[in-house]
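Chemist: UniProt numbering applies: residue 1 is where the sequence shown begins, and numbers increase by one.
Would you mind keeping the following structure in view while I ask a few things?
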Amino acid sequence: MYTLEDILVSASTMCLMTTEQILPVWAALTEPIYLNPSSEKVACVVPSECVKHCGVEVDCTNYAYPMMVLEPMPDGLQGLMLSVMLASLMSSLTSIFNSASTLFTMDLYTKIRKQASEKELLIAGRLFIILLIVISILWVPLVQVSQNGQLFHYIEAISSYLGPPIAAVFLLAIFCKRVNEQGAFWGLVTGLVIGLIRMIAEFVYRTSSCLATSNCPKVICEVHYLYFAIILFFLSILVILGISLLTKPIPDVHLYRLCWALRNSTEERTDLDAEEKRHEEVDDDVDEDNPEEPHGCLRKAYDLFCGLQKTGPKLSKEEEEAQKKKLRDTSEKPLWRTIVNVNAILLLAVAIFVHGYFA
């Protein structure tokens with residue numbers, strides 16, 4: 001029989017052996033970082049020194065990546081890493097701006113202008129992107145104030161305040177067909193209002209730090225933003241499910257292949273806005289009957305810049321039906337389905353092992 005002392009000694013020995021194996025590799029990988037003179041700037045502790053280096057009293061972690069790229073690396077790798085960083089930044093910004101523009105144009109602008117043409121919708125989307133860019137520039141001072149100027153904490157905090165209701169609606173819409181529009185709408189509104197209350201309170205009172213306390217009410221700001229995200233997520237789920245169960249469900253004819261329970265259905269789905277789409281098709285037919293006159297070079301350049309090029313030829317009824325049938329086809333080949341499932345399980349097991357081992 002092994003005593004508790006024997007078990008603890010064995011565990012300690014294994015930990016030391018593992019540390020002796022990993023430590024040299026870790027030291028070799030991180031040597032350019034902790035031997036870099038800039039590490040004193042990034043990991044500054046004295047508030048006056050931090051203010052001198054980066055203008056923030058808490059720390060200068062926002063400058064960690066640029067300093068790691070610009071100082072220890074040679075010239076060629078510096079340009080490569082900076083180009084990768086800028087490319088990822090631009091792709092993220094363009095995807096966010098385009099998604100927001102699409103949501104505004106298709107979900108809001110079409111409710112205000114029901115008979116808007118395609119050209120008008122495209123111009124409205126472009127103008128909305130310009131408005132978003134202006135708002136983003138004006139938002140920079142708020143980023144510097146929030147979370148004591150720590151950019152990473154700011155990003156995580158904003159995601160924790162605004163993201164949980166969206167995640168709750170998305171997951172329930174896929175896995176629970178009982179959820180309807182009323183539940184999703186009021187769940188989003190409730191979660192957004194609660195998240196905005198927390199976000200505005202932190203902007204007004206600022207967050208606490210080791211150097212200064214905040215006057216923000218403890219009921220609002222005392223909970224860490226990651227725990228707040230969990231609470232807001234489950235609260236949004238309760239609101240969505242509660243209102244959905246109290247209101248009329250969506251018939252299955254509108255949900256074929258849109259939720260998990262009906263993903264393999266072969267029935268023809270009827271959209272909730274089918275009547276509006278019929279009116280749009282009639283308007284498109286009218287526009288085709290009245291073709292526009294040819295434009296000059298300046299007008300063609302303007303149309304090209306705004307994305308107003310001519311659309312392709314109109315499909316016949318048979319071609320439209322064949323295209324719809326192809327889109328409805330969700331069948332999977334058994335071989336590739338098995339390969340994907342096995343790879344997913346392996347990657348999940350590796351991720352869990354790495355998290356557990358290094359935690």
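All C-beta atoms, glycine included, are put in the ideal place defined by N, C-alpha and C.
It should be emphasised that the depicted structure is a prediction, and the values quoted were computed from it without experimental measurement.
Drop a sphere of 10 angstroms on the beta-carbon of Ser48, count the other beta-carbons inside from all chains shown, and report buried for 16 or more, exposed for fewer.
Modeler: Ser48 should be labelled exposed.
Chemist: Closest by CA to Gly242, which one among Glu267, Leu258 and Ala184?
Modeler: The candidate whose alpha carbon is nearest that of Gly242 is Ala184.
Chemist: Pick helix, strand or coil for His355, following the three-state DSSP scheme.
Modeler: Helix, per DSSP.
Chemist: So Thr247 packs on Gln182, CB below 8 Å; how close in whole Å?
Modeler: Contact flag correct, Cβ pair sits at about 5 Å.
Chemist: Excluding the five sequence neighbours on either side, which residues of its own chain have a C-beta within less than 7 Å of the C-beta of Ala64, listed in chain order?
Modeler: Only Val42 meet the Cβ criterion.
Chemist: When we look at the beta-carbon of Ile230 and count the other beta-carbons within 10 Å, is it buried (16 or more) or exposed?
Modeler: With fewer than 16 other Cβ atoms within 10 Å, it is exposed.
Chemist: Starting from the C-beta of residue 385, find all residues in its chain whose C-beta is less than 8 Å away, skip the five residues before and the five after it, and write them out in chain order.
Modeler: No answer is possible for residue 385: it lies beyond the span of the chain, which begins at 1 and ends at 359.
Chemist: Judging by CA-CA distance, which residue of Leu162, Leu171, His224 and Phe175 is the nearest neighbour of Leu196?
Modeler: Of Leu162, Leu171, His224 and Phe175, the residue nearest in Cα terms is Leu162.
Chemist: Does DSSP put Ala116 in a helix, a strand or coil?
Modeler: Coil at Ala116, not helix or strand.
Chemist: Check whether the Cβ atoms of Asn264 and Thr330 sit closer than 8 Å, and answer yes or no.
Modeler: Taking 8 Å as the Cβ cut-off, Asn264 and Thr330 qualify as a contacting pair.
Chemist: Assuming Ile250 is part of the alpha helix (DSSP H), what are its boundary residues?
Modeler: Neither: Ile250 is in no alpha helix (DSSP H) and is coded neither H nor E.
Chemist: Evaluate Tyr34 with the Cβ neighbour count: other Cβ atoms within 10 Å of its Cβ, from every protein chain shown; 16 or more gives buried, anything less gives exposed.
Modeler: Any reading at Tyr34 needs caution, since the residue's pLDDT is 49, under 50, leaving its predicted position unreliable; the model's value is listed next. Exposed.
Chemist: Decide if Gly79 is buried, meaning its Cβ has at least 16 other Cβ atoms within 10 Å, or exposed.
Modeler: By the 10 Å Cβ count, Gly79 comes out exposed.
Chemist: Out of curiosity, what's the CA-to-CA distance linking Thr105 and Ile96?
Modeler: Cα to Cα, the separation comes out at about 14 Å.
Chemist: Taking the straight line between their C-alpha atoms, what separation do you get for residue 374 and Cys216?
Modeler: There is simply no residue 374 to check, as the chain begins at 1 and stops at 359 in what is shown.
Chemist: For Leu272, which residues of its own chain have a beta-carbon under 6 Å away from its beta-carbon, when the five flanking residues on both sides are left out?
Modeler: The residues are His254.
Chemist: Does DSSP put Gln144 in a helix, a strand or coil?
Modeler: Gln144: helix per DSSP, three-state reduction.
Chemist: Quick check on the DSSP output: what are the complete alpha helix (DSSP H) runs of length 4 or more inside the segment 36 to 118, in order along the chain?
Modeler: DSSP runs (the alpha helix (DSSP H)) wholly in the segment 36 to 118: 39 to 42, 47 to 54, 64 to 70 and 75 to 103.
Chemist: Using DSSP with H/G/I as helix, E/B as strand and the rest coil, what is Thr207?
Modeler: Three-state result, Thr207: coil.
Chemist: If we call anything under 8 Å between Cβ atoms a contact, is Ile240 one with Val179?
Modeler: Yes, they are a contact pair.
Chemist: Whole angstroms is fine: what's the gap from Gly191's alpha carbon to Ile166's?
Modeler: Roughly 9 Å between the two C-alpha positions.
Chemist: Taking the C-alpha atoms as reference points, what is the distance between Asn62 and Ser91?
Modeler: Cα to Cα, Asn62 sits roughly 21 Å from Ser91.
Chemist: Excluding five sequence neighbours on each side, which residues of the same chain lie with their C-beta closer than 7 Å to the C-beta of Val164?
Modeler: Note that residue 164 is Pro in the sequence shown, not Val. Excluding sequence neighbours, Pro164 sits near Gly191, Ala229, Leu232, Phe233 and Ser236.
Chemist: Mind checking Gly125: buried by the 16 CB within 10 Å criterion, or exposed?
Modeler: Flag for Gly125 reads buried.
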